[in-house]
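A short write-up of the structure that comes next.
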Amino acid sequence: MLILTRDTVRNPTILKVRQLPRKFFGRVTVWPKGKIGAGLFLRILAEFQTLRYSTALLPLIVIALIWNGTALPLSQAPLLMLVILWLVEMRLLRVPEKRRAGLIDAAEAERGLDLLQVQARQALTRIAAGRGLKAGQLHLVVEQSELRPFPPLTYVSVQSEDGPEVLDLAPEERQILRDTLFQPPLDERRLHTINSAQNVFLRDVALDARGVSAHARLSAALV
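Printed below as a string of structure tokens:
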């Protein structure tokens, strides 16, 4: 889970919002601030479409280099290249439509989404109470990559209709998200299974700050 806020990304200009919810995958590249492991670096690289296309077409390049006589026919066969790219992108890297229903039981998926709603609203309530917000709507946006074979890549942000904007979260607010979201039995991989089954990869949970209870505000004041 990568929490997106000005202090956690190297390129904060990507956080600019025109309308809610702000979507990141397929539009911008998120580079986390600070040291990142090789695994996360490679996982982010996998989101680059040009790299995936180049890798998918690599066998054709190898064939053309080994057997020179095939170079010209292969270069003049764009349909073959398109078929290869479609097979890799839609059949290998994503779940085909016919297989989605078998990924998870529909009732189990709904229970997982209900749990995400509960966890997200708990986190938003604590953040709104801590900020003393008495009006306006906050959105907790959980977005995952569509790519299925790789470890799930999840972007989490708190977005406000006041602006609109992606909120600059303080360290303690980011810790609230870490402590509240993706608690058992719902982890990132299970949410990704649900998202793949429903072909929906962005989940937006909204909270009206006027509905934050006095008890929540008191608890935040005592922390």
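Residue numbers for the sequence shown follow my numbering, beginning at 33 and rising by one.
Quick reminder that beta carbons are idealized off the backbone N, C-alpha and C, glycines included.
Beta strand (DSSP E) segment containing residue i, residue limits
i    : result
V190 : T186 to S192
Those residues which DSSP pairs with residue i across a bridge
i    : result
E197 : S192
V41  : P64
L34  : Y187
Test item: CB-CB of residue i and residue j under 8 angstroms
i    : j    : result
Q183 : R75  : Per the sequence shown, the amino acid found at residue 183 is Pro instead of Gln. In this structure, R75 lies closer than 8 angstroms to P183 by Cβ.
V190 : L234 : no
Q169 : A238 : yes
V62  : Y187 : yes
T225 : L135 : yes
F80  : E175 : no
A155 : I208 : yes
L89  : M113 : yes
L83  : V198 : no
E205 : L52  : no
P64  : T40  : yes
H171 : D211 : no
Terminal residues of the alpha helix (DSSP H) in which residue i lies
i    : result
T212 : P203 to T212
A70  : A70 to L77
M113 : P110 to W118
E129 : E129 to R132
Among the options, nearest to residue i - alpha-carbon criterion
i    : options                   : result
L179 : A229, R38, S245 and W63   : A229
N231 : L209, K166 and K130       : K130
T157 : F57, V60, D240 and R38    : D240
T87  : V120, V198 and A161       : V120
G71  : L185, Q215, V115 and D219 : L185
L250 : G162, G243 and L218       : G162
P216 : T37, R153 and G144        : G144
M273 : K67, F214 and L47         : As displayed, the chain neither begins before 33 nor continues past 255, which places residue 273 out of reach and without an answer.
A252 : S192, E193, R42 and I159  : I159
I68  : R42, L52 and V198         : R42
T37  : K55, M113, Q51 and L201   : L201
R221 : G164, R54, A141 and Y85   : A141
V244 : D236, P196, D219 and R153 : R153
L223 : P196, D137, L165 and H171 : D137
M167 : V60, R59, A246 and R242   : The amino acid occupying residue 167 in the given sequence is Ala; Met does not appear at that position. Looking at the Cα atoms, R242 is the closest of the given residues.
P128 : P181, L77, Q151 and G164  : P181
Y85  : G66, W118 and V60         : W118
R59  : N227, P196, A246 and S177 : S177
Short CB-CB distance (under 8 angstroms) between residue i and chain D
i    : result
E140 : Among the protein chains of the structure shown there is no chain D, as only one such chain exists.
* Entirely enclosed beta strand (DSSP E) segments - the segment 222-248, minimum 3 residues -> 234-240
* Can you check the segment 159-184 for any beta strand (DSSP E) of at least 3 residues that lies completely inside it and give the ranges in chain order? => 169-176
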